[in-house]
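As they're listed, the protein sequences go chains P and C. Under full-length UniProt numbering, the first residue of the first sequence carries the number 1, and numbering increases by one thereafter. Under full-length UniProt numbering, the first residue of the second sequence carries the number 1, and numbering increases by one thereafter. We treat Cβ as the ideally placed atom computed from N, Cα and C, and that holds for glycine. This structure is a prediction, so every number in the text was calculated from the model and none was measured. See structure below.
Protein chains: 2
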Amino acid sequence: MREVFQQELREVQDRLVELSGLVAVSIDKATRAFNESDVTLAEEVIADDDKIDGLTVALDELAIMILARQQPVARDLRIVVSALRISASLERMGDMSTHIAQLARYRFPDKVVPKSLRGTFAEMGRLDVEIAQKLTELLRSQDVQLAETIRNDDDEIDALHLKVFDKVLGETWKGQAADTVDATLASRYHERFADHAVSIAKKVLYLATGDWDPDAPSA
Amino acid sequence: MREVFQQELREVQDRLVELSGLVAVSIDKATRAFNESDVTLAEEVIADDDKIDGLTVALDELAIMILARQQPVARDLRIVVSALRISASLERMGDMSTHIAQLARYRFPDKVVPKSLRGTFAEMGRLDVEIAQKLTELLRSQDVQLAETIRNDDDEIDALHLKVFDKVLGETWKGQAADTVDATLASRYHERFADHAVSIAKKVLYLATGDWDPDAPSA
């Protein structure tokens, strides 16, 4: 029974890694679609989200099946419950990518944000892609160092998020209302994407080391 | 054992009802703080969110303890797993109230949005309060009719959300960039609040009737 359980846990882990990998591809494509006003790429992101959603549902069903059949307790139980929560966060990260892609598609053939903010959004996108890639590796390797670097990347995203608002609310801002709306939403989506990654990293770190509070709401 | 389990499930249900009740108070206060630029009320909402977060953590611990001790299967297992998900959604609803209150506090003593949008936001707030109250009653009574009316209210919120964007992007919009940012964020928070409620209602309805897909991602 114990061996079957370990095998099933590995299956859960593999699927989390797969899901996280798809989310990394999704945010990478969404960022490029956004930066380059590439509507074909935006459509791909939007279509691929169904796959992410489907895998999330299947993963949750597997976790529930393991709870029913293996009746895990203590740390084993927390691993399975954490998997349910991690999959929910990954699913939301996919939604954030999709929302960013939708902004690009909606404004096409125009660019989503004016020139003065493009560098900032390119940087936010780059960081979110990096975060998703590190998260995938963290889920695969349980290398807890990665959790710390994800938290640092999130701090950078938060700083860029504030920078967007400083720009938009500053005296030199010449954007139309549509630009202001797009910048506000895109910045919020990037920030939430990173928040979800931090919340997942906390759970992995907690399971690996007992550090951090895995149940603390992620703001 | 079965009787203990039923008693523990009632405890979980009672706590979900309590949590949902606090969220209803929170969105009511946040809406009034937003409409009336009441900074004292806004501060209350922000402070009360810690209580909501604390109760969420305690409820999750109770659910995990029940999984460990009672080893539920089939429908009983799904009830406990659903409770974990419902508490996560309620926690996020509290965050949305808090964000709305923060907008009010940040702009104080100015009003958050210009006159032309106040009626729309008052209506969104009224609907979100109603949704939270219905949700509390749904969790208490399992009256599945309520789930349907929550879904209708959410459709109304979605329509108001689009109305805000039509207004802000329309030719008559005279708002500053700050007004545009605030309107965009506030509208998004109200819309997400209602989305979480619909996702909870789906889970309750599924447990009560088997209808709807409880695992379907809530967009």
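Check	Outcome
Is the number of C-beta pairs between the segment 36-52 of chain C and the segment 169-177 of chain C that are closer than 8 Å three or more?	no
Taking the alpha carbon of residue 89(P) as the reference point, which residue from 202(P), 66(P), 208(P), 209(P) has its own alpha carbon closest?	202(P)
Let me know the secondary structure DSSP gives residue 171(P) once reduced to three states.	coil
Looking only at its chain, what residues have a beta carbon closer than 6 Å to the beta carbon of residue 8(C), apart from the 5 residues adjacent to it on each side?	66
With respect to the alpha helix (DSSP H) encompassing residue 76(C), which residues constitute its N-terminal and C-terminal limits?	74-107
Under the assumption that residue 97(P) contacts residue 26(P) (Cβ atoms under 8 Å), give the Cβ distance between them as a whole number of angstroms.	4 Å
Excluding the 5 residues preceding and the 5 following residue 72(P) in the sequence, name in chain order all residues of the same chain whose CB lies nearer than 8 Å to its CB.	5, 66, 79, 80
Between the Cα of residue 158(P) and the Cα atoms of 62(P), 82(P), 192(P), 103(P), which residue gives the shortest distance?	192(P)
Cβ of residue 184(P) within 9 Å of Cβ of residue 120(C)?	no
Please state if the CB of residue 44(C) and the CB of residue 58(C) are separated by a distance shorter than 9 Å.	no
Between residue 226(C) and residue 136(C), which are expected to be in contact by the criterion C-beta below 8 Å, what is the C-beta distance as a whole number of angstroms?	Beyond the ends of chain C as shown, which are 1 and 219, falls residue 226(C); an answer cannot be given.
In chain order, which beta strand (DSSP E) runs of at least 3 residues are fully inside the UniProt domain "PhoU" (122-204) of chain C?	none
What is the DSSP secondary structure of residue 39(P), reduced to helix, strand or coil?	helix
Could you give the distance in angstroms between the alpha-carbon of residue 219(P) and the alpha-carbon of residue 93(P)?	Model confidence at residue 219(P) stands at a pLDDT of 42, short of 50, so the residue's coordinates are unreliable and nothing is read from them.
Suppose contacts are defined by Cβ-Cβ distances below 9 Å. Is residue 131(P) in contact with residue 154(P) by that definition?	yes
Does any C-beta atom of chain A lie closer than 9 Å to the C-beta of residue 67(C)?	Among the protein chains in the structure shown, which are P and C, there is no chain A.
Leaving out five residues before and five after residue 42(C) in sequence, what residues of the same chain have Cβ atoms less than 6 Å from its Cβ?	33, 101, 104, 105
Quick check on residue 112(P): does DSSP put it in helix, strand or coil?	coil
So the candidates are 123(P), 56(P), 107(P), 10(P); which of them puts its Cα closest to the Cα of residue 164(P)?	123(P)
Since residue 113(C) contacts residue 166(C) with CB under 8 Å, what's their CB separation in whole angstroms?	About 14 Å separates the two Cβ atoms, so there is no contact after all.
So residue 180(C) contacts chain P; which residues on that side make the cut at Cβ distance below 7 Å?	177, 180, 181
Against chain C, with Cβ distances strictly below 9 Å, would residue 12(P) count as a contact?	no
Beta-carbon of residue 145(P) versus every beta-carbon of chain C: anything under 9 Å?	no
Counting only beta-carbon atoms, is residue 149(P) nearer than 9 Å to chain C?	no
Within 10 angstroms of the Cβ of residue 91(C), are there 16 or more other Cβ atoms? Answer buried if so, exposed if not.	buried
Can you find the residues in the same chain that come closer than 8 Å, C-beta to C-beta, to residue 107(P), ignoring five residues on each side of it along the sequence?	37, 178, 182
Taking residue 77(P) and residue 68(C) to be in contact with their CB atoms under 8 Å, please state how far apart those CB atoms are, rounded to whole angstroms.	5 Å
At 8 Å on the CB atoms, spell out the chain P contacts of residue 204(C), in chain order.	Those do not exist, as residue 204(C) stays about 17 Å from chain P at its closest Cβ, beyond 8 Å.
Using the Cα positions of residue 143(C) and residue 13(C), report the straight-line distance between them to the nearest angstrom.	14 Å
Between the C-alpha atoms of residue 19(C) and residue 134(C), what's the straight-line distance to the nearest angstrom?	13 Å
Identify whether residue 219(C) lies in helix, strand or coil by the three-state DSSP scheme.	With a pLDDT of 42 at residue 219(C), under the threshold of 50, the modelled position of this residue cannot be trusted; read the value that follows with caution. If DSSP states are grouped into helix, strand and coil, residue 219(C) belongs with coil.
What residues in the segment 181-196 of chain C bring their beta carbon closer than 8 Å to a beta carbon of chain P?	181, 184, 185, 188
Going by alpha carbons, who is nearest to residue 198(C) out of 174(C), 146(C), 186(C), 176(C)?	146(C)
Sort 138(P), 10(P), 176(P), 126(P) by Cα distance to residue 200(P) and report the nearest one.	138(P)
Please compile the residues from chain P whose C-beta is within a distance smaller than 9 Å of the C-beta of residue 169(C).	176, 177, 178, 181
How is residue 54(P) classed by DSSP in three states: helix, strand or coil?	helix
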